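Peer 1: Structure below; questions to follow.
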Amino acid sequence: MNRRNTFHSTRSLSMHSRKSSRKSSSLARRKAGLRNRTPKAKWKWIVRKVISNLEWLADTTDVPLGDNPVQNAYVASHRKEGQILSLEDKLFFKKPREYRTREALDKVTEKLQYFKAFREYSPKVRDELLMRLDYMYLEGKRVIVRQDREAGAMYFIVIGSVEVDHAYPDPIFNDETLHNLDKYGYGDSFGEIPLFYGEPHRATITVLEPGVEMLVLNKTDFKIVLEESLSNQWGSIRWAMTKFPYFERWPEDAVRYLCCHSILITTPSDVLVPVKDVNGLGIAVFILEGTVRVIQRMLVTVNTNEDGIKKRYTLCPDQSIPPTKLPQNVIPFYMQTVKLRRNAVFGLGEQMSKHTMMTETDTLLMICPRFIIDRYNIVNVWTRVVGILNYNHPKIEKVFEAFIQNRMWARNRKQFSKSIKMPQADKNMTIHNTPLSSRAMNCTMKDKLYKKITSFPEYKEIIKQMKISHQRQLKNSAKGSTIVDEEHATIMSTKNNPVKHSST
1 MNRRNTFHST
11 RSLSMHSRKS
21 SRKSSSLARR
31 KAGLRNRTPK
41 AKWKWIVRKV
51 ISNLEWLADT
61 TDVPLGDNPV
71 QNAYVASHRK
81 EGQILSLEDK
91 LFFKKPREYR
101 TREALDKVTE
111 KLQYFKAFRE
121 YSPKVRDELL
131 MRLDYMYLEG
141 KRVIVRQDRE
151 AGAMYFIVIG
161 SVEVDHAYPD
171 PIFNDETLHN
181 LDKYGYGDSF
191 GEIPLFYGEP
201 HRATITVLEP
211 GVEMLVLNKT
221 DFKIVLEESL
231 SNQWGSIRWA
241 MTKFPYFERW
251 PEDAVRYLCC
261 HSILITTPSD
271 VLVPVKDVNG
281 LGIAVFILEG
291 TVRVIQRMLV
301 TVNTNEDGIK
311 KRYTLCPDQS
321 IPPTKLPQNV
331 IPFYMQTVKL
341 RRNAVFGLGE
351 QMSKHTMMTE
361 TDTLLMICPR
371 FIIDRYNIVN
381 VWTRVVGILN
391 YNHPKIEKVF
401 EAFIQNRMWA
411 RNRKQFSKSI
421 KMPQADKNMT
431 IHNTPLSSRA
441 MNCTMKDKLY
451 KKITSFPEYK
461 EIIKQMKISH
471 QRQLKNSAKG
481 STIVDEEHAT
491 IMSTKNNPVK
501 HSST
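Count the sequence shown with the UniProt record's numbering and you get residues 1 to 504, in order.
This is the structure we're talking about:
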């Protein structure tokens with residue numbers, strides 16, 4: 001019995017070794033066949049390569065027109081719109097790295113310096129990245145990566161678009177599968193998250209018609225060039241997300257996705273903060289430090305009387321008139337309505353985002369794509385934030401009332417300053433036109449001056465004489481006398497001409 005078992009085990013091992021030797025020998029023969037191709041096979045391989053890359057090899061965007069009309073017609077018909085890289089630049093990315101020159105790299109860097117996927121990298125990282133990228137063109141309906149497959153590269157889309165299909169089982173019906181579709185276009189990148197975390201792809205990405213041109217960074221170069229830079233960048237985004245309570249219940253996949261597409265920027269004062277990116281897509285802005293002012297444009301109709309002196313302001317019923325079509329009596333005014341400070345957010349679709357946003361101080365902002373924010377609307381948090389922002393923002397009627405009050409105050413202040421500078425005093429001037437602070441200061445000075453005067457002995461003597469004269473006046477008035485005695489005259493003269501005392 002033991003002999004049989006040992007016989008079967010040795011037999012299975014020998015069969016396994018024979019199979020592995022067959023596989024290794026077949027691979028060796030295949031490699032030898034690739035090395036020892038016939039000229040005909042090599043020619044076929046080259047033709048297939050040319051046909052697969054004919055779409056970008058036949059591009060004549062950078063070819064100038066000549067004197068040959070037939071050639072000019074071919075050149076004009078094969079030109080493409082929106083080309084960023086020329087044929088020479090594409091060949092630069094097709095060359096081995098040891099043949100890439102610094103002059104060609106500088107030309108490519110100048111063209112791609114405003115590329116959305118490269119903005120967040122430093123110049124040193126960008127140059128090293130461009131030296132390691134490879135150019136790739138794929139036709140429509142080609143699958144670039146498949147879901148649950150190991151990640152092998154990072155992709156930057158230069159021209160074209162791709163479709164993202166994330167399939168997951170239905171939580172209610174186990175037999176059905178749900179699909180979450182997305183779309184990437186010019187300037188987008190994908191594949192960095194599975195490379196960074198060492199996970200398989202979460203979605204299948206397919207090329208849309210007519211094709212896509214991409215720059216590809218393989219896994220080894222990604223570890224060398226971008227892993228440290230992305231670690232610092234995504235760590236700062238995670239730190240910024242902890243400052244806002246809206247992200248506390250976000251799953252880890254959503255946090256990674258937001259870190260991949262968000263940036264932190266520092267803006268100086270008096271700089272406009274957009275709520276849309278260069279492609280017209282909405283962005284949400286989170287304030288970490290500093291202050292942002294909301295400036296509202298308000299159209300006001302100005303009517304004057306026949307003399308052209310008095311003006312009457314009324315709110316224009318149509319506030320959406322473009323600047324080029326404004327009537328002559330409609331003037332735009334800009335009013336500061338709200339100040340947003342630390343831990344505030346805007347750009348979620350509220351009414352406030354339709355106005356001009358300008359920084360008041362040096363401001364640290366976190367910029368996030370709005371489509372990612374809207375996708376993870378956990379417990380309806382973003383809808384509630386929008387409702388609070390709309391409730392607290394003043395309506396146009398309230399802003400117009402504040403505008404009228406400011407105009408009235410400016411007019412009264414101007415008239416008051418003119419009356420002060422006039423040589424003749426204003427007859428309508430009262431003590432109520434004097435600021436309360438000045439009146440309180442004068443009252444304090446009078447109180448001190450009163451105490452000082454009453455402490456003089458001459459003041460007490462004058463008061464005594466005034467009391468005596470007052471008693472005599474009462475007696476004379478009782479007798480019907482109209483003569484004023486000399487003492488009373490002396491007292492009155494002393495009152496009109498007070499005695500001057502030298503300060504000691």
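Don't be surprised by glycine CBs; every beta carbon is placed ideally from N, CA and C.
Quick caveat, the model's predicted, so the values are computed rather than measured.
How about residue 138 and residue 217: do their beta carbons lie closer than 8 Å?
Peer 2: Here residue 138 refers to the residue found at position 138 when the sequence shown is read from its first residue. Here residue 217 refers to the residue found at position 217 when the sequence shown is read from its first residue. Contact flag unset, no.
Peer 1: So, with DSSP's three-state summary, where would you put residue 168?
Peer 2: To locate residue 168, count along the sequence shown from 1; it is residue 168. It is a strand residue.
Peer 1: List the DSSP bridge partners of residue 206.
Peer 2: Sequence index remark: in the sequence shown, residue 206 carries index 206 (1-based). Its beta-bridge partners are 143, 163.
Peer 1: Per DSSP, residue 312 is paired with what?
Peer 2: Walking along the sequence shown from the start, residue 312 turns up at place 312. For residue 312, which the question treats as bridged, DSSP gives the partners 303.
Peer 1: Measuring CA to CA, which of 127, 416, 406, 335 is closest to residue 97?
Peer 2: Position 97 of the sequence shown, counted from the start, is the residue given in the question as residue 97. Nearest of 127, 416, 406, 335 to residue 97, Cα basis: 127.
Peer 1: Do you know whose CA, among 195, 210, 164, 157, lies nearest residue 186's CA?
Peer 2: Taking the first residue of the sequence shown as position 1, residue 186 is located at position 186. Ranking the options by Cα distance to residue 186, first place goes to 157.
Peer 1: Rounding to the nearest angstrom, what Cα-Cα distance links residue 245 and residue 65 in this structure?
Peer 2: Locating residue 245 in the sequence shown gives position 245, counting from the first residue. Locating residue 65 in the sequence shown gives position 65, counting from the first residue. Answer to the nearest angstrom: the Cα atoms are 60 Å apart.
Peer 1: For residue 263 versus residue 120, is the C-beta spacing smaller than 8 Å?
Peer 2: Position 263 of the sequence shown, counted from the first residue, corresponds to residue 263. Position 120 of the sequence shown, counted from the first residue, corresponds to residue 120. Yes, the pair counts as a contact, with Cβ atoms nearer than the cut-off.
Peer 1: How many whole angstroms separate the CB atoms of residue 359 and residue 271, which I take to be in contact at a CB cut-off of 8 Å?
Peer 2: Your numbering for residue 359 matches position 359 in the sequence shown. Your numbering for residue 271 matches position 271 in the sequence shown. Indeed they touch by this definition, with Cβ atoms about 5 Å apart.
Peer 1: In this structure, how does DSSP classify residue 115 when only helix, strand and coil are distinguished?
Peer 2: Stepping through the sequence shown from its first residue, residue 115 is reached at position 115. It is coil, neither helix nor strand.
Peer 1: Whole angstroms is fine: what's the gap from residue 340's alpha carbon to residue 330's?
Peer 2: Counting from 1 along the sequence shown, the entry for residue 340 is found at position 340. Counting from 1 along the sequence shown, the entry for residue 330 is found at position 330. Cα-Cα distance, rounded: 30 Å.
Peer 1: Residue 247 to residue 378, Cα distance in whole Å?
Peer 2: Walking along the sequence shown from the start, residue 247 turns up at place 247. Walking along the sequence shown from the start, residue 378 turns up at place 378. Taking the straight line from one Cα to the other gives about 9 Å.
Peer 1: Using a 10 Å radius around the Cβ and a threshold of 16 neighbouring Cβ atoms, would you call residue 375 buried or exposed?
Peer 2: Counting from 1 along the sequence shown, the entry for residue 375 is found at position 375. Result: exposed.
Peer 1: Pick helix, strand or coil for residue 198, following the three-state DSSP scheme.
Peer 2: Position 198 of the sequence shown, counted from the start, is the residue given in the question as residue 198. It is coil, neither helix nor strand.
Peer 1: In terms of alpha-carbon separation, which member of 93, 153, 159 lies closest to residue 131?
Peer 2: Reading the sequence shown from its first residue, position 131 is the one you call residue 131. Per the Cα distances, 93.
Peer 1: Where does the unbroken alpha helix (DSSP H) through residue 319 begin, and where does it stop?
Peer 2: For this step, residue 319 is matched to residue 319 along the sequence shown. Neither: residue 319 is in no alpha helix (DSSP H) and is coded neither H nor E.
Peer 1: In terms of alpha-carbon separation, which member of 153, 197, 204, 387 lies closest to residue 141?
Peer 2: Residue numbering aside, residue 141 sits at position 141 when the sequence shown is read from its first letter. It is 204 whose Cα lies nearest to the Cα of residue 141.
Peer 1: Whose C-beta lies closer than 8 Å to the C-beta of residue 482 among residues of the same chain, with five residues either side of it excluded?
Peer 2: Along the sequence shown, one-based indexing puts residue 482 at 482. Because residue 482 sits at a pLDDT of 45, beneath the cut-off of 50, its placement in the model cannot be relied upon, and the following sentence gives the value as read from the coordinates. So the qualifying residues of the chain are 476.
Peer 1: Can you have a look at residue 22 and say buried or exposed, based on whether 16 or more other CB atoms are within 10 angstroms of its CB?
Peer 2: Residue numbering aside, residue 22 sits at position 22 when the sequence shown is read from its first letter. At residue 22, the pLDDT of 48 sits below 50, so the modelled position is not reliable; the number obtained from the coordinates is stated separately. Counting Cβ neighbours within 10 Å, residue 22 comes out exposed, since fewer than 16 surround it.
Peer 1: Could you pull out every residue in the same chain whose Cβ sits closer than 6 Å to the Cβ of residue 311, ignoring the five residues on either side in sequence?
Peer 2: As a position in the sequence shown, residue 311 is number 311, starting the count at 1. So the qualifying residues of the chain are 302, 304.
Peer 1: Pick from 342, 337, 300, 153: whose alpha carbon is nearest that of residue 326?
Peer 2: For this step, residue 326 is matched to residue 326 along the sequence shown. Looking at the Cα atoms, 300 is the closest of the given residues.
Peer 1: The beta strand (DSSP E) spanning residue 211 covers which residue range?
Peer 2: Here residue 211 refers to the residue found at position 211 of the sequence shown. 211-218 is the extent of the beta strand (DSSP E) around residue 211.
Peer 1: Alpha carbon to alpha carbon, how far is residue 421 from residue 337?
Peer 2: Numbered from its first residue, the sequence shown carries residue 421 at position 421. Numbered from its first residue, the sequence shown carries residue 337 at position 337. Their Cα atoms are separated by approximately 35 Å.
Peer 1: Using the C-alpha atoms, what's the distance from residue 381 back to residue 283?
Peer 2: Stepping through the sequence shown from its first residue, residue 283 is reached at position 283. Stepping through the sequence shown from its first residue, residue 381 is reached at position 381. Roughly 17 Å between the two C-alpha positions.
Peer 1: Looking only at DSSP bridge pairs, what is residue 296 linked to?
Peer 2: As a first step, residue 296 must be located in the sequence shown, where it is residue number 296. Bridge partners of residue 296: 335.
Peer 1: Cβ atoms of residue 333 and residue 416: under 8 Å apart, would you say?
Peer 2: Taking the sequence shown and counting its residues from 1, the one referred to as residue 416 is at position 416. Taking the sequence shown and counting its residues from 1, the one referred to as residue 333 is at position 333. No, they are not a contact pair.
Peer 1: Which residues mark the beginning and the end of the alpha helix (DSSP H) in which residue 383 is found?
Peer 2: Numbered from 1 along the sequence shown, position 383 holds the residue referred to as residue 383. Residue 383 -> alpha helix (DSSP H) spans 381-392.
Peer 1: On the DSSP letters alone, give me the boundaries of the beta strand (DSSP E) that residue 286 sits inside.
Peer 2: The residue labelled residue 286 in the question sits at position 286 within the sequence shown. 283-289 is the extent of the beta strand (DSSP E) around residue 286.
Peer 1: Who are the near neighbours of residue 136 in its chain, counting only those whose CB is closer than 6 Å to its CB and skipping five residues on each side?
Peer 2: If you number the sequence shown from 1, residue 136 lands on position 136. The residues are 214, 216.
Peer 1: Does DSSP put residue 330 in a helix, a strand or coil?
Peer 2: To locate residue 330, count along the sequence shown from 1; it is residue 330. Correct three-state label for residue 330: strand.
Peer 1: I'd like to confirm the pairing. Which residues does DSSP put opposite residue 153 in its beta bridges?
Peer 2: As a working note, residue 153 is residue 153 in the sequence shown. DSSP output for residue 153 lists 218 as bridge partner(s).
Peer 1: Which residues does DSSP pair with residue 368 in a beta bridge?
Peer 2: Walking along the sequence shown from the start, residue 368 turns up at place 368. Residue 368 is bridged to 284.
Peer 1: Is the distance from the Cβ of residue 219 to the Cβ of residue 152 below 8 Å?
Peer 2: Counting from 1 along the sequence shown, the entry for residue 219 is found at position 219. Counting from 1 along the sequence shown, the entry for residue 152 is found at position 152. In this structure, residue 152 lies closer than 8 Å to residue 219 by Cβ.
Peer 1: Helix, strand or coil: how does DSSP classify residue 406 here?
Peer 2: Counting from 1 along the sequence shown, the entry for residue 406 is found at position 406. Residue 406 falls in the helix class under three-state DSSP.
Peer 1: Would you mind reading off the limits of the beta strand (DSSP E) that contains residue 264?
Peer 2: Numbered from 1 along the sequence shown, position 264 holds the residue referred to as residue 264. Looking at the DSSP string, the run of the beta strand (DSSP E) that includes residue 264 is 263-267.
Peer 1: Measure the beta-carbon distance from residue 184 to residue 372 and round it to whole angstroms, keeping in mind my assumption that it falls under 8 Å.
Peer 2: By one-based count along the sequence shown, residue 184 stands at place 184. By one-based count along the sequence shown, residue 372 stands at place 372. Not a contact, Cβ separation roughly 13 Å.
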